[in-house]
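Below: one structure, written as structure tokens.
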Amino acid sequence: MRSSSMSLLADITTPTSFDLGPARALSCRECGHQIPLAAEFACPQCFGPLEIAYEFGDVTRASIEAGPRSIWRYRGLLPVPSAVQEHPNTEPGLTRLIKADRLGAALGIRNLWVKDDTGNPTHSFKDRVVAVALAAARELGFTVLCCPSTGNLANAVAAAAARAGWDSVVLIPKSLEQAKVLTTAVYDGTLLAVDGNYDDVNRLATELAAEHEDWAFVNVNVRPYYAEGSKTLGYEVAEQLGWRLPEQIVIPVASGSQLTKVDKGFQEFGTLGLVEPTPYTVFGAQATGCSPVAKAFADGNDWIQPVRPDTIARSLAIGNPADGPYVLDTVRRTGGAVGHVSDEEVVEGIRLLARTEGVFAETAGGVTVATTRKLLAEGKLDPDAETVLLITGDGLKTLDAVAGQIGPTATVPATSAAVREALAGR
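So the sequence shown is numbered by the working numbering: it starts at 7 and just counts up by one.
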């Protein structure tokens with residue numbers, strides 16, 4: 007069995023010279039071996055993934071509520087310097103939680119919320135993880151911010167580096183949506199389109215991280231710090247619900263890190279007494295054209311068979327997801343499931359969310375909505391339970407997904423009679 011994904015009040019004797027708040031060590035998710043805080047991501051004993059072990063201080067609801075209207079209100083729970091706000095950063099977080107009654111009625115869920123993370127500075131949840139990674143990278147001595155990306159992370163890294171006055175190096179698959187290419191290139195960092203899919207790009211990033219000691223690849227050599235930024239989604243959901251946990255949550259799965267860290271955030275809030283540790287169920291959502299975690303779940307496997315992605319949901323198109331096995335652990339532990347939907351269902355999910363709640367999501371959001379509908383039909387989601395859907399990116403980034411399917415209701419002459427005729431035809 008894997009070791010617990012959360013380390014609270016860990017027994018750590020090795021001192022650290024870094025100011026990374028409550029972070030005290032790096033702990034292996036497989037064997038539990040701990041090493042001092044550093045720019046490392048693999049356990050030296052078993053090569054398992056490393057994550058942050060903490061010794062949390064006195065964090066209260068009042069201290070959080072008195073904090074800034076950004077993820078830094080939770081800085082006492084994150085691996086960042088105590089003075090993190092003193093450095094220029096994009097200040098992401100505290101995005102809105104919407105009571106989604108119209109979408110709930112359309113889906114058949116009686117108590118539905120949408121966590122709309124499109125309101126972040128570059129319009130996706132990736133601003134959260136990059137802000138934490140940049141803060142840690144600065145403390146660890148790096149000077150260049152880098153990443154391999156399926157798009158949203160590219161935007162966030164380029165923007166955060168520009169805001170901080172750092173250089174950036176961003177690697178993307180050359181097939182990436184043009185909108186995401188442009189919204190990365192505009193920040194004028196180094197943007198390299200690679201002939202290959204995301205897994206090829208990620209392998210290249212790992213090689214480059216070993217060759218350039220001052221380059222912080224946020225999701226490679228500083229990944230343990232970066233991943234912790236996703237906890238803030240869980241923190242915010244709990245705080246915005248009035249300091250309680252939802253009964254169900256549906257989360258899109260790419261690498262799988264977001265799902266596992268939202269779960270970790272819920273657990274930390276419960277352990278620290280910030281919320282009552284009530285039961286909750288976690289569900290994962292993938293596109294059929296890249297659904298290795300959903301297949302492993304359906305087959306009852308503990309391991310993930312890599313696939314070659316073929317889906318319009320490019321932000322989720324990671325064929326060999328690093329946290330896939332831990333997604334399976336989380337979903338099974340909480341009694342949830344991982345589902346998948348076709349590209350056609352993804353588009354309908356985008357349109358359903360837009361017309362019911364006025365939220366235009368990228369393809370990952372369409373995956374979340376459509377998978378929720380499918381899990382309900384299969385009897386896996388409880389329609390009577392309070393449910394939260396994570397919408398993690400803006401639809402303006404993936405216009406190709408709906409282009410050609412939507413447009414003007416009619417083209418009319420500039421007369422009221424023509425307008426009346428067009429309205430009568432609806």
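The beta-carbon is built from N, C-alpha and C at its ideal position, and this holds for glycine as well. The structure displayed is predicted, hence computed values, not measured ones.
- prompt: Helix, strand or coil: which one does DSSP assign to ALA416?
  reply: coil
Report task. Leaving aside the five residues before and after ALA215 along the sequence, list all residues of the same chain whose C-beta is less than 7 angstroms from its C-beta, in chain order. Result -> TRP221, PHE223, VAL226, ASN227
Taking CB distances under 9 angstroms as the criterion, tell me whether GLY345 reaches chain B.
This model lacks chain B altogether; it includes just one protein chain.
Which residues share a DSSP beta bridge with TYR60? ALA29
### Message
I'd like the ranges of any beta strand (DSSP E) spanning at least 3 consecutive residues and lying wholly in the segment 43-117.
### Response
56-60, 103-105
### Message
By the three-class DSSP mapping on this structure, what secondary structure does PHE272 have?
### Response
helix
Own chain, CB closer than 6 angstroms to SER422, minus 5 neighbours either side, in chain order: none
query = Going by the CB atoms, is the gap between GLN292 and PHE131 shorter than 9 angstroms?
reply = no
Q) Can THR294 and VAL347 be called in contact, C-beta distance under 9 angstroms? A) yes
Quiz item: Nearest to ALA370 by CA position, among GLN411, LYS105, ASP388, THR317, is which residue?
Solution: THR317
Within a Cβ cutoff of 7 angstroms, which residues of the same chain sit near VAL243, ignoring the five residues on either side of it in sequence? LEU103, LYS121, PRO252, VAL394
| If we count the other Cβ atoms within 10 Å of its Cβ and call it buried at 16 or more, is THR417 buried or exposed? | exposed
*Should ILE77 be labelled buried (16 or more other beta-carbon atoms within 10 Å of its own) or exposed?*
buried
Checking 9 angstroms against the spacing of the C-beta atoms, do GLY325 and LYS380 come in under that value?
no
Measuring CA to CA, which of TYR241, LEU182, LEU146 is closest to ALA160? Closest by alpha carbon: LEU182.
Original post:
Since THR196 is in the beta strand (DSSP E), which residue starts that stretch and which ends it?
Top reply: 196-200
### Proximity winner among ALA376, ALA343, GLU350, relative to LEU1 (alpha-carbon distances)
In the structure as shown, the chain begins at 7 and stops at 432. Residue 1 is therefore absent and cannot be evaluated.
7 angstroms Cβ shell around GLY125 - same chain, five flanking residues per side excluded = THR101, ARG102
For LEU239, collect the residues of the same chain with a Cβ closer than 6 angstroms to its Cβ; drop the 5 residues on either side in sequence, then sort them by chain order. VAL268
Item to complete: Count the CB pairs spanning the segment 305-312 and the segment 268-283 that are closer than 8 angstroms, and state whether there are at least three.
Response: no
VAL175 - partner residues in DSSP beta bridges
CYS152, THR196
* To do: Work out the CA separation of VAL352 and THR96 for me, nearest whole Å.
  => Between THR96 and VAL352, the C-alpha separation is close to 30 angstroms.
Problem set entry | Residue from LEU32, THR340, VAL259, GLU71 whose Cα sits closest to the Cα of SER236 | Considering only alpha carbons, the answer is VAL259.
- Message: DSSP three-state label for GLY371, please.
- Response: DSSP places GLY371 in the helix class (H, G or I) of the three-state scheme.
Review point. If we count Cβ pairs, one from each stretch, closer than 8 angstroms, do we get three or more for the segment 23-37 versus the segment 48-56?
Key: Contact holds: three or more Cβ-Cβ distances are below 8 angstroms.
Would you say VAL373 and ALA328 are within 9 angstroms of each other, going by their C-beta atoms?
no
Under the DSSP definition of a beta bridge, which residues are partnered with PRO389? Answer by DSSP bridge pairing: none, since PRO389 is not bridged.
task: Could you tell me the distance, in whole angstroms, from the CA atom of MET12 to the CA atom of LEU109?
output: Note that MET12 has pLDDT 42, beneath the 50 cutoff, so the model's placement of it is unreliable and the number below is only indicative. Approximately 34 angstroms between the Cα atoms of the pair.
>> Checking 9 angstroms against the spacing of the C-beta atoms, do GLY330 and THR287 come in under that value?
In response: no
For VAL135, name the three-state secondary structure that DSSP assigns.
helix
- Message: Strictly by DSSP, which residues pair up with PRO258?
- Response: Per DSSP, the beta bridge partners of PRO258 are ALA291.
* Asked: Can you pull the DSSP bridge partners for SER130?
  -> GLY399
Exercise for the section: Ignore the nearest five residues each way along the sequence and tell me which others in ASN203's own chain have a CB closer than 8 angstroms to its CB. Expected result: PRO179, SER181, ARG314, PRO315, ALA323, GLY325
(request) For the alpha helix (DSSP H) holding ALA300, just list the boundary residues, first then last. (result) 298-305
Query raised in the report: Considering only the beta carbon of each residue, do ALA233 and VAL135 sit closer than 9 angstroms?
Result: yes
Exercise for review: Could you have a look at ASP205 and say whether DSSP puts it in helix, strand or coil?
Suggested key: helix
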